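Line order of the protein sequences matches chains X and S.
Those letters in the first sequence? Residues 1 to 158, by this note's numbering.
Those letters in the second sequence? Residues 159 to 325, by this note's numbering.
Reviewing the structure listed below.
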Amino acid sequence: MDNYKYIEELLDKYWTCETNLEEETILREFFSQEQELPAHLQQYRHLFIYLQEEQEIKLSADFEAQLLEKITAQPRTPHFVSRTSYRTSFFFKIAAGLLLLLSIGFFAQQHQKIQEQTAARETVITAIGMIAENLQQGETMIDEGLKQLETLYINNKN
Amino acid sequence: MKKILTGIIALLLLLGSSKAGWGQNFSEKFLEHIPKKTAIVATVNSSMIEALKKWEVDEELQAFLNELSFLRIITIPTSADINLDSYCIKVREQVKKHGQGEELLSINDKQRQTLLMIFDKTANNKAGEIVFINCDESVLVIINITGNISIGNLGQLSNLSKSFKKL
């Protein structure tokens, strides 16, 4: 329990940032032990284990070389990708423009064709109408002429 | 041998020139004799007729289009520059020159002169060409139709025309 009291004192000093390096090492070593701890101390275990683990993480010997290699290799790939995407977008723009022009041309042609056909149909119907109308008038005139003849014939007979 | 060959060539040339003459319909001939700007010309040629056949939904009109190969309306309205009477005389003279035709209808009164002529009549009562002329005080109208048109069906055109008027 005395041991725990010392640890509690050290913890109090730790929270007020008054511990030195040696005392902090004692705390870390204490909490890294696998022994059962009372509940009020158990809660700090993860913190000190984490701090210890973090301190243990070290860079590999070839870290700098790997980093340099990546730094020098990095610009090439994005440059290439951006160029490709630029080309692709450029061709897409041209293709879209051509498609738009073709569509406009096609619809204009269709519209003109429909207009021409409508005009042609109207011409045919006008021609039919004129001929038909005159044929009808001709028939009416013949009928009237025949009636007049008939009347004349009857009158002469009488 | 040379004489035979020369004879054949001469015959072919003669046929060719005659064919060119026959190929010309009435309206083409008439347009050659008048100043171009005087007439309003509406032409429906064979390719347009083919297109109309596919497009047309009215059965009667489609039947008429099936017999049609060319249609043209020439309109000459009266104006200060145009002496319409002279054009009416000219067109009648041209009809006489066009060939042996049959007069189907003729109306002559003070107000107007109407003439419906059929040409190239076949044995099965079909006309190769129809020329309709209507001349009054205000306008000269010439309708020229070519194809293989049933003369008997011409009377039915009035029904067709009425149905379009209703629309």
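For glycine and all other residues, C-beta sits at the position ideal for the given N, C-alpha and C.
Model, not experiment: these values are computed from the prediction.
So, does the CB of X:I131 fall closer than 7 Å to a CB anywhere in chain S?
yes
Candidates X:L51, X:G129 and X:K113: closest to S:S205 by CA position:
X:K113
Extent of the continuous beta strand (DSSP E) to which S:V289 belongs:
K284 to D294
Quick check on S:G179 - is its C-beta less than 7 Å from some C-beta in chain X?
Residue placement at S:G179 is poorly supported in this model, since its pLDDT is 45, which falls under 50; the coordinates are not used for a value here.
Tell me whether S:G305 is buried or exposed, calling it buried when 16 or more other Cβ atoms sit within 10 Å of its Cβ.
buried
Pair within 7 Å by beta-carbon distance, S:D243 and S:Q269:
no
Starting from S:G310, find everything on chain X with Cβ-Cβ shorter than 8 Å and list it in chain order.
The contacting residues do not exist; S:G310 stays about 12 Å from chain X at best.
Restricting to Cα atoms, I'd like to know which of S:I247, S:I207 and S:S227 is closest to S:E287.
S:S227
Could you give the C-beta distance for S:F290 and X:I131, rounded to a whole number, given that I count them as a contact under 8 Å?
5 Å
Tell me whether the beta-carbon of S:A285 lies closer than 7 Å to the beta-carbon of S:I307.
yes
Taking the alpha-carbon of S:L312 as reference, which of S:I232, S:L274 and S:R250 has the nearest alpha-carbon?
S:L274
Apart from the five residues on each side of it in sequence, which residues of its chain come closer than 8 Å, Cβ to Cβ, to X:T19?
L10, K13 and L27
Around the C-beta of X:G145, are 16 or more other C-beta atoms found within 10 angstroms, so that it is buried, or is it exposed?
exposed
Per-residue burial, S:N241 [other beta carbons within 10 Å of its own, 16 or more giving buried]:
exposed
In the DSSP assignment, find the alpha helix (DSSP H) that holds X:T19 and state where it starts and stops.
It is not in any alpha helix (DSSP H) - X:T19 carries neither H nor E in the DSSP assignment.
When you compare only the Cα positions, how much space is there between S:I276 and X:L102?
47 Å
Beta-carbon separation of S:Q252 and S:F188 under 7 Å?
yes
Residues in its own chain within less than 7 Å of X:F106 by CB, not counting five upstream and five downstream?
none
Closer than 7 Å at the beta carbon, the chain S residues around X:R87:
By Cβ distance, chain S contributes nothing, its closest Cβ being about 44 Å from X:R87, past 7 Å.
Quick test of your reading: S:L229 and S:I303, contact by CB under 8 Å. State the CB separation rounded to the nearest angstrom.
5 Å
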